[in-house]
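Working notes, beginning with the structure itself.
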Amino acid sequence: MEDCLFCKIAAGKIDTDFVYSDEKLVVFEDINPQAPVHLLIVPKKHISDLNNLEEKDNKLIGHIYQVAKELAAEKNIAESGYRIVSNCNQDGGQTVYHIHFHLLGGRKLQWPPG
Ligand code: 5GP
Ligand code: ZN
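Position 39 (the sequence shown) corresponds to 39 in the UniProt record's numbering; numbering is contiguous.
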């Protein structure tokens, strides 16, 4: 996906510091953080949004949650608490159409979200 921002970041074509990376995903800080900890967990594979997830992606999604849990511990928010969010389409607030998971923490988060 040549014109996809997160494909470019994941491929190292845009200078970005990765908090974590492996063969399946990259993690970096959100450019517009909404909490003291705001990381974006981004699969290297281009999937536009949650509606386009396939059964064969189940292992990848499980891996994302395992990495999120480990990063929450590293960032010292495991005990205080955190949130993992994936926004889907317009009403969900999605702005980048390459699936990603926000890891937010370090402050009391509102519920329900606005
Ligand atoms: P969404 O709105 O699709 O759920 O999340 C996209 C997120 O990507 C937003 O929180 C936005 O701040 C972040 N973002 C957009 N462009 C960039 C960028 O070039 N670099 C980084 N690090 N984050 C970005
Ligand atoms: Zn992409």
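C-beta atoms are modelled at their ideal positions from N, C-alpha and C, and glycine is treated no differently.
Item checked: Rounded C-alpha distance that separates residue 2 from residue 48 -> 13 Å
Note to self: As a quick exercise: from 108, 74 and 84, pick the residue whose alpha carbon is nearest that of residue 99.
What the structure shows: 84
Note to self: Using a Cβ-based criterion (distance less than 8 Å to any ligand heavy atom), does residue 88 qualify as near the ligand ZN?
What the structure shows: Relative to the non-hydrogen atoms of the ligand ZN, the Cβ of residue 88 never comes closer than 8 Å to any of them.
Item checked: residue 41 and residue 53 closer than 9 Å at C-beta -> no
Item checked: Contact shell at 6 Å, judged by CB to any heavy atom of the ligand ZN, ordered along the chain -> 1, 4, 6, 7, 46 and 98
Notebook entry, point to check: Are residue 63 and residue 86 touching if we call contact CB-CB under 9 Å?
Noted result: no
Note to self: Suppose you measure from the CA of residue 23 to the CA of residue 44; what does that come to, to the nearest Å?
What the structure shows: Pairing residue 23 with residue 44, the inter-Cα distance amounts to about 8 Å.
Margin query: Residues in the same chain with beta-carbon distance under 7 Å from residue 107, minus the five sequence neighbours each way, listed in chain order, please.
Written below: 35 and 36
Check: For the UniProt domain "HIT" (5 to 114), which segments carrying the beta strand (DSSP E) assignment without a break, of at least 3 residues, lie completely within its bounds, in sequence order?
Finding: 18 to 21, 25 to 29, 37 to 43, 82 to 85 and 101 to 105
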